[in-house]
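To start, the structure under review is shown below, and the notes come after it.
Protein chains: 2
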Amino acid sequence: MARKAGRPRQEALSREKILEAALSLIDAHGVEAFSMRRLAAALEVDPMAIYHYLPNKEAILRGLIELIFANLHVPPTENASWEETVRACAHAYYDAVRAHPQLIIYVVGDVDLVMHAALSANNEQLYAALFNAGLDARQVFYAVSLIIDYLHGCLLGESAMQNSDPTSMLQHFEQSTTDQYPAIRRVVEAIQQEPISDVFGFDIGLNIILAGIKTLVK
Amino acid sequence: MARKAGRPRQEALSREKILEAALSLIDAHGVEAFSMRRLAAALEVDPMAIYHYLPNKEAILRGLIELIFANLHVPPTENASWEETVRACAHAYYDAVRAHPQLIIYVVGDVDLVMHAALSANNEQLYAALFNAGLDARQVFYAVSLIIDYLHGCLLGESAMQNSDPTSMLQHFEQSTTDQYPAIRRVVEAIQQEPISDVFGFDIGLNIILAGIKTLVK
DNA sequence: ACCTGAACACCGTTCAAGT
DNA sequence: ACCTGAACACCGTTCAAGT
């Protein structure tokens with residue numbers, strides 16, 4: 032019954048260990064390269080051993096999304112304006128999801144977990160902030176929906192950008208300048224002269240949304 | 032050399048026929064159930080015959096996204112206000128993508144094709160409308176990015192909603208009401224008393240965005 | 001040029017068996 | 001209870017061969 036001294040015995044498998052291994056596998060090589068068999072190999076275990084802790088591959092992905100949302104923590108915002116609070120909540124959501132870019136598609140596709148995250152303790156301050164802004168309950172709901180949908184769109188666009196070669200985008204731009212569409216051309220030329228800053232992220236869009244929310248109450 | 036009379040001979044395979052068959056297969060049974068082998072079976076052809084027209088499965092998906100964007104047509108908006116024009120463009124994009132809900136994930140993930148669609152002739156009026164609103168070139172770019180990201184988020188949320196059972200969502204709501212978070216509770220109760228209309232779509236969010244855009248120039 | 005068919009290197013998952 | 005290993009029914013794609 033005594034534990035062997037020296038090198039500790041192989042830790043037993045567990046749901047946590049499996050999810051942990053799956054996450055680092057996906058972070059490193061993407062969801063494409065993730066398979067039950069590869070995961071088993073990484074855990075140095077027979078593929079079927081995994082099924083003792085999680086019913087199937089989908090359950091693993093769901094578990095990972097749960098992990099991501101579990102890491103969503105909004106910093107305290109006591110003395111902040113309602114706009115600053117909304118921004119803080121949006122950034123927290125954004126950062127938590129962006130920590131694992133390869134999984135964004137699954138995050139966005141899981142209404143249940145998104146819903147759960149949206150209604151979780153972390154976001155009480157978001158809802159409170161929007162009430163403080165002067166919205167009624169229904170308007171708060173619309174505002175939250177808008178912000179979450181915009182966040183999802185941003186996150187997806189960003190992750191898709193990383194997986195595509197940047198030259199083809201410039202081709203679209205250059206092709207457009209030779210076209211006969213003056214409004215598009217003006218925009219393309221402006222972007223070419225002074226490219227968008229790296230830290231563009233979603234801040235500008237969020238500011239426009241905040242301005243729009245403000246008009247609801249005025 | 033003469034064509035046989037009666038039942039016409041089997042039409043030759045072609046890129047178009049393949050994509051057409053793939054699209055109806057996916058519309059009917061989802062991307063999950065779509066495979067090269069099933070597609071071949073639907074076309075009554077050896078699986079490898081397809082590779083003569085399209086290099087691999089990914090190319091087929093890309094081809095389908097192209098098809099979707101090819102069906103994006105903005106109605107003429109001569110005498111419309113700039114807001115109405117923006118709304119018309121957004122709706123056209125929304126409708127084109129929503130016509131094939133199973134493919135939304137791929138649409139949103141294809142930056143190149145999204146970029147191409149965003150810069151295509153159809154959207155000249157969108158850019159022009161935003162200039163008419165008084166934005167400068169850079170602001171037009173931000174506004175278009177915001178609108179497209181929001182559209183993507185909406186579309187994804189909607190398609191995810193269809194693939195999940197509606198009871199679990201109510202569970203989240205009911206669970207929240209028993210919580211100690213007053214702001215969230217207020218929102219949940221309001222939604223429960225008078226549920227969101229079916230045609231909610233993305234119109235309300237778009238209106239908030241439009242209001243936000245207006246503040247950029249005022 | 002266009003299509004076939006066998007083959008390769010993978011999958012996720014079931015099921016019976018081991019300890 | 002926990003893990004294994006063989007097996008099943010699939011994949012996408014390569015390659016050599018047919019016409």
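So the protein lines, in turn, are chains A and B.
Residue numbering for the first sequence follows the numbering used here, beginning at 32 and increasing consecutively.
Residue numbering for the second sequence follows the numbering used here, beginning at 32 and increasing consecutively.
Cβ atoms here follow ideal geometry from the backbone N, Cα and C, with glycine treated the same way.
No experiment lies behind these values; they were computed from the predicted model shown.
Residue from the options with nearest C-alpha to residue i
| i | options | result |
| --- | --- | --- |
| alanine 174 of chain A | A:Tyr137, A:Asn238, A:Pro226, A:His131 | A:Asn238 |
| glycine 236 of chain A | A:Ala121, A:Asp58, A:Leu70, A:Lys48 | A:Ala121 |
| glutamate 89 of chain B | B:Val76, B:Met67, B:Gln170 | B:Met67 |
| leucine 44 of chain A | A:Glu63, A:Tyr84, A:His60 | A:Tyr84 |
| alanine 73 of chain A | A:Leu166, A:Tyr82, A:Ala52 | A:Ala52 |
| glutamate 114 of chain B | B:Phe162, B:Leu54, B:Tyr137, B:Asn87 | B:Phe162 |
| leucine 80 of chain B | B:Arg46, B:Tyr125, B:Leu186 | It is alanine, not leucine, that sits at residue 80 of chain B in the sequence shown. Ranking B:Arg46, B:Tyr125, B:Leu186 by Cα distance to alanine 80 of chain B puts B:Arg46 first. |
| asparagine 153 of chain A | B:Tyr212, B:Ser151, B:Val105 | B:Tyr212 |
| valine 138 of chain A | A:Glu155, A:Ala130, A:Ile96 | A:Ile96 |
| glutamine 223 of chain A | B:Ala214, B:Val218, B:Phe172 | B:Phe172 |
| valine 218 of chain B | A:Gln206, A:Gln170, A:Pro132 | A:Gln170 |
| glutamine 133 of chain A | A:Ser190, A:Tyr82, A:His147 | A:Ser190 |
| glutamate 75 of chain A | A:Leu98, A:Lys48, A:Ser151 | A:Lys48 |
| cysteine 185 of chain B | B:Ile136, B:Ala119, B:Gln206, B:Ala221 | B:Ile136 |
| isoleucine 25 of chain B | B:Tyr124, B:Ala242, B:Glu225 | In the structure as shown, chain B begins at 32 and stops at 249. Residue 25 of chain B is therefore absent and cannot be evaluated. |
| isoleucine 244 of chain A | A:Thr108, A:Ile57, A:Asn110, A:Arg118 | A:Arg118 |
| asparagine 110 of chain A | A:Ala127, A:Asp196, A:Ala160 | A:Ala160 |
| aspartate 58 of chain B | B:Val128, B:Pro107, B:Ala148 | B:Val128 |
| glycine 188 of chain B | A:Asn194, A:Thr198, A:Ser176 | A:Ser176 |
| arginine 216 of chain A | B:Ala149, B:Leu241, B:Pro197 | B:Ala149 |
| valine 62 of chain B | B:Pro226, B:Ala242, B:Pro107, B:Arg93 | B:Arg93 |
Outcome for residue i when other beta-carbon atoms lying within 10 angstroms are tallied against a minimum of 16
| i | result |
| --- | --- |
| alanine 71 of chain B | buried |
| methionine 192 of chain B | exposed |
| alanine 101 of chain A | exposed |
| glutamine 156 of chain B | buried |
| serine 55 of chain B | exposed |
| serine 228 of chain B | exposed |
| histidine 60 of chain A | exposed |
| threonine 116 of chain B | buried |
| serine 112 of chain A | exposed |
| leucine 50 of chain B | buried |
| glutamine 64 of chain A | Checking the displayed sequence, the identity of residue 64 of chain A turns out to be alanine instead of glutamine. The residue is exposed, with fewer than 16 neighbouring Cβ atoms inside 10 Å. |
| histidine 104 of chain B | exposed |
| alanine 130 of chain A | exposed |
Quiz item: Taking Cβ-Cβ distances below 7 Å as the criterion, which residues of the segment 88-108 of chain B are in contact with chain A?
Solution: Per Cβ criterion, the list is empty.
Quiz item: Using a Cβ cut-off of 8 Å, which residues of the segment 163-188 of chain A contact any Cβ in chain B, in chain order?
Solution: So the list reads Asp167, Ala168, Arg169, Val171, Phe172, Tyr173, Ala174, Val175, Ser176, Leu177, Ile179, Asp180, Tyr181, Leu182, His183, Gly184, Cys185, Leu187, Gly188, given in the order they occur along the chain.
Quiz item: Counting Cβ pairs closer than 8 Å, one from the segment 238-249 of chain B and one from the segment 156-171 of chain B, do we hit at least three?
Solution: At 8 Å Cβ cutoff, the stretches touch.
Quiz item: Should the segment 141-159 of chain A be called in touch with the segment 195-202 of chain B, which here means at least 3 C-beta pairs below 8 Å?
Solution: Flag = yes, the segment 141-159 of chain A and the segment 195-202 of chain B touch.
Self-check item: Sufficient close CB pairs (3 or more, under 8 Å) joining the segment 177-193 of chain B to the segment 178-185 of chain A
Solution: Verdict: yes, contact present.
Quiz item: Taking a cut of 7 Å between CB atoms, which residues from the segment 191-204 of chain B lie near chain A?
Solution: Result list: Ala191, Met192, Ser195, Ser199, Met200, His203.
Quiz item: In chain order, what residues of the segment 129-141 of chain A put their CB closer than 8 Å to some CB of chain B?
Solution: Residues of the segment 129-141 of chain A with a C-beta less than 8 Å from any C-beta of chain B: Ile136, Val139, Gly140, Asp141, listed in chain order.
Practice problem: Could you list the residues in the segment 56-74 of chain B with a C-beta less than 9 Å from some C-beta on chain A, going in chain order? | Solution: Cβ contacts with chain A: none found.
Quiz item: Going along the chain, which residues of the segment 144-155 of chain B sit with their C-beta nearer than 9 Å to a C-beta in chain A?
Solution: Going along the segment 144-155 of chain B in chain order, one finds Val145, Met146, His147, Ala149, Leu150, Ser151, Ala152, Asn154, Glu155 with a Cβ nearer than 9 Å to chain A.
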